[in-house]
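Chains as they are written, first to last, in UniProt numbering: chain A, 1 to 325; chain B, 1 to 325.
Protein chains: 2
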Amino acid sequence: MSEFDLIDKYFFQQVTQRKDVILGIGDDCALLSMPAKAQLAVSTDTLVSGVHFFADVDPRALGHKALAVNISDLAAMGATPAWVSLAITLPELNEAWLSEFAQGFLALAEYYGMQLVGGDTTKGPLSITVTVHGHVPQGKALTRHQAKAGDWIYVSGQPGEASLGLQLLQGLSASGLSANTQQHCINRLQQPTPRVVIGAALRGVASACIDISDGLAQDLGHILAASHCGADIHLEQLPLNADIVNAIAFEQACRLCLAGGDDYELLFTVPEEQRSQIEVIASNTGVPLTCIGRLVAGKPELTLKLDNQHYQLPLAGWDHFSDKK
Amino acid sequence: MSEFDLIDKYFFQQVTQRKDVILGIGDDCALLSMPAKAQLAVSTDTLVSGVHFFADVDPRALGHKALAVNISDLAAMGATPAWVSLAITLPELNEAWLSEFAQGFLALAEYYGMQLVGGDTTKGPLSITVTVHGHVPQGKALTRHQAKAGDWIYVSGQPGEASLGLQLLQGLSASGLSANTQQHCINRLQQPTPRVVIGAALRGVASACIDISDGLAQDLGHILAASHCGADIHLEQLPLNADIVNAIAFEQACRLCLAGGDDYELLFTVPEEQRSQIEVIASNTGVPLTCIGRLVAGKPELTLKLDNQHYQLPLAGWDHFSDKK
């Protein structure tokens, strides 16, 4: 079977055929038509075997995750997913593996009405690079640089679970954790849910937004740097999973939540006058949206507080080439 | 130095700042504005160390090539290059290497007025995935499926040189080749010139177009399959480099030209009534555009001819997962 047959067999036969795809897979380029008065949002992420996932990970879960982490970037801009390109490098032609991978990938694409419009299949060490394209109404994208001191800081879901899931897969003893919670954490790691509906609902409501793939504290740092302000985070307000707090102690649970990484939740800031909208969005989506602190004037620094007192908690985010890790 | 500092230091400081880039590097997504009445052309290609290039290749040449092979796909659609994303996976942080790579990459981006708008830097086995975006006026893209029997087949440049360059790097003895020709072939391999101006000029002139990265014969096969016709190619019309024919014999030079691969020339078909335009384009661009045969009615098969007689010449194109190689 050739490269071309491969692409045909597993990736060409997608159910979703968008009207704005003039040419999909099968020419030198995809040819795409943009809606009027929209801007194009584009993001690229690579997952490398042995770095971002274990070589023996379930290929269907990997297909899901490779797309989900990219859609999460669209969600963080408030963009609506549209098209995706997939570049996949494989050490050998394993059809069973590829079939499972494609099913995980395409199932998520279908869910969001995205069409796979191109890509490349190459031979080499296993890695996956996905480029997603979405639309956002002109001038309505959620960015990082328009937050202001006084805005409230919110986060979706329960960050830290994915990181705990990773530790469990690496052999962490977790005698205090129920089997259900353990599986939930592993699921959060392997099959994250991009917060597309929340991102779209936050257009015109949030003053800034980011997805916290690198860890809540580090990604909040990007908003602080871009918006030139500081932040107070109140540890007792963090949306911790009660089972986890019971099993591994409060301080460790806070550290997971703030620095764990690989969560694809949204962190966003909301001006006082828009706060009532957040309850509506949480209610509509069924996803907890929790206020964890507030932006303050001053240097782009994060201050952790417990009972309104400064609290010291060493944190480090995910950074491949940093000496800090 | 962290991943973020890296991106800043080598890739963020591009001279070209396009007005249609609302947000470039530094947010969850790039945010881009499309021109009116244009369609978006998108292509992705991966280069893997040890497969597409030698691990010790000059990083500046690699930076050039990684972008050039993608721009070539835009050229083949008749699209005008605009934006690019770069996902690069590196085994270690080698700043000297990265600086050279970035210079080669960005110099070509500048040449075409493209802006680097995003990407990802990860740790792992060396590989590079580039996604390019271009614009093409609505309905004017060059595709593969609209060629017709009777159309003439043209190719730009002198295909086969890149493939010979590869063989020279692999230690092919080439006593009959001048040092100049040897270096020229290696340059064609390592620093191909995407045919952007030719592609744009072919809008409204060519009936189909493709870039011949996989080898002339194999890529012509894609046009034949998509357009439901056959082709006659006349070997004596192939634009062979005279030095190469002298050194390695005519039949071998034909095989290099037809099946070599890694050429980023354009193969295109032209209706009889548009043929006069081709001379104008060749004259304006200074690139030879050579008529090598004609499309014929019938099965999507390629017939090779010499002095109007059938000629047998075993060929194989570049296909990573094919048993044929």
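Backbone N, C-alpha and C fix where the C-beta goes; we use that ideal spot for every residue, glycine too.
Since this is a predicted model, take the numbers as computed values, not measurements.
(message) If distances are taken between C-alpha atoms only, which option among B:Leu126, B:Phe53, B:Leu164, B:Glu265 comes closest to threonine 77 of chain B?
(response) For the record, residue 77 of chain B in the displayed sequence is methionine; it is not threonine. The candidate whose alpha carbon is nearest that of methionine 77 of chain B is B:Glu265.
(request) Flag valine 97 of chain B as yes if its beta-carbon sits less than 9 Å from any beta-carbon of chain A, otherwise no. (result) The sequence shown places tryptophan at residue 97 of chain B, rather than the valine named in the question. Not an interface residue.
(message) Between which two residues does the alpha helix (DSSP H) holding leucine 106 of chain B run?
(response) 95 to 111
(message) Using the three-state DSSP reduction, which class does leucine 295 of chain B fall into: helix, strand or coil?
(response) strand
(message) My assumption, with CB atoms under 8 Å, is that valine 270 of chain A sits in contact with serine 207 of chain A. Please give the rounded CB distance.
(response) 7 Å
(message) According to DSSP, is glycine 317 of chain A part of a helix, a strand, or is it coil?
(response) Confidence in glycine 317 of chain A is poor, its pLDDT being 48 and thus under 50, which makes the residue's placement unreliable; the coordinate value appears in the next sentence. The answer is coil: DSSP assigns glycine 317 of chain A none of H, G, I, E or B.
(message) I need the straight-line Cα distance from leucine 40 of chain A to isoleucine 198 of chain B, nearest angstrom please.
(response) 27 Å
(request) Starting from the Cα of residue 326 of chain B, find the closest Cα among B:Ile186, B:Thr290, B:Ile210, B:Ala61 and give me that residue. (result) Residue 326 of chain B lies beyond the range of chain B shown here (1 to 325); nothing can be said about it.
(request) Would you mind telling me which residues of chain A sit closer than 7 Å to glutamine 39 of chain B, beta carbon to beta carbon, in chain order? (result) Ile22, Leu31, Leu32, Ser33
(request) Determine the DSSP secondary structure at glycine 165 of chain B, reduced to helix, strand or coil. (result) helix
(request) Check whether the Cβ of lysine 123 of chain A lies closer than 9 Å to any Cβ atom in chain B. (result) yes
(request) To the nearest angstrom, report how far apart leucine 31 of chain B and isoleucine 292 of chain B are at their CA atoms. (result) 43 Å
(message) Run through chain A and tell me which residues come within less than 7 Å of serine 85 of chain B, C-beta to C-beta.
(response) Val42, Thr44, Thr131
(request) Alpha carbon to alpha carbon, how far is alanine 217 of chain A from leucine 74 of chain B? Give it in angstroms, no decimals. (result) 40 Å
(request) Please check if any C-beta of chain A sits within less than 9 Å of the C-beta of glycine 293 of chain B. (result) no
(message) Looking at the strands, I want to know which residues DSSP matches up with valine 132 of chain B.
(response) B:Ser43, B:Val84
(request) Just mark proline 35 of chain A as buried or exposed, buried being the case when its beta carbon has 16 or more other beta carbons within 10 Å. (result) exposed
(request) Could you tell me whether the segment 78 to 88 of chain B touches the segment 104 to 121 of chain B, using the rule of 3 or more Cβ pairs below 8 Å? (result) yes
(message) I'd like the list of long-range same chain contacts for glycine 134 of chain B, defined as Cβ closer than 6 Å, with 5 residues on each side in sequence excluded.
(response) Ala41, Leu74, Ala79, Thr80, Pro81, Ala82
(message) I'd like to know if the segment 59 to 72 of chain B and the segment 64 to 71 of chain A are in contact, where contact means that at least 3 CB-CB pairs between them fall below 8 Å.
(response) no
(request) Spell out whether any CB of chain B is found under 9 Å from the CB atom of serine 156 of chain A. (result) no
(message) Just to confirm the assignment, what range does the alpha helix (DSSP H) spanning lysine 65 of chain B have?
(response) 59 to 77
(request) For chain B, find out if any of its Cβ atoms is closer than 9 Å to the Cβ of serine 178 of chain A; answer yes or no. (result) no
(message) Taking the alpha helix (DSSP H) that aspartate 120 of chain B belongs to, which residues open and close that run?
(response) Counting along the chain, aspartate 120 of chain B falls outside any alpha helix (DSSP H), though it belongs to the beta strand (DSSP E) covering 115 to 123.
(request) Under 7 Å between beta-carbons, which chain A residues line up against threonine 80 of chain B? List them in chain order, please. (result) What threonine 80 of chain B touches in chain A: nothing, since even the nearest Cβ is about 12 Å away.
(message) Please report whether the beta-carbon of cysteine 185 of chain B lies at a distance below 9 Å from any beta-carbon of chain A.
(response) no
(request) Measure the CB-CB distance between phenylalanine 53 of chain B and leucine 47 of chain B and report whether it falls below 9 Å. (result) yes
(message) Using the three-state DSSP reduction, which class does valine 48 of chain A fall into: helix, strand or coil?
(response) strand
(message) Let's see if you can read the secondary structure: which residues bound the beta strand (DSSP E) around isoleucine 233 of chain A?
(response) 230 to 234
(request) Enumerate, from N- to C-terminal direction, the unbroken beta strand (DSSP E) stretches of 3 or more residues contained entirely within the UniProt domain "PurM-like C-terminal" (148 to 301) of chain A. (result) 152 to 156, 208 to 211, 230 to 234, 266 to 270, 289 to 296
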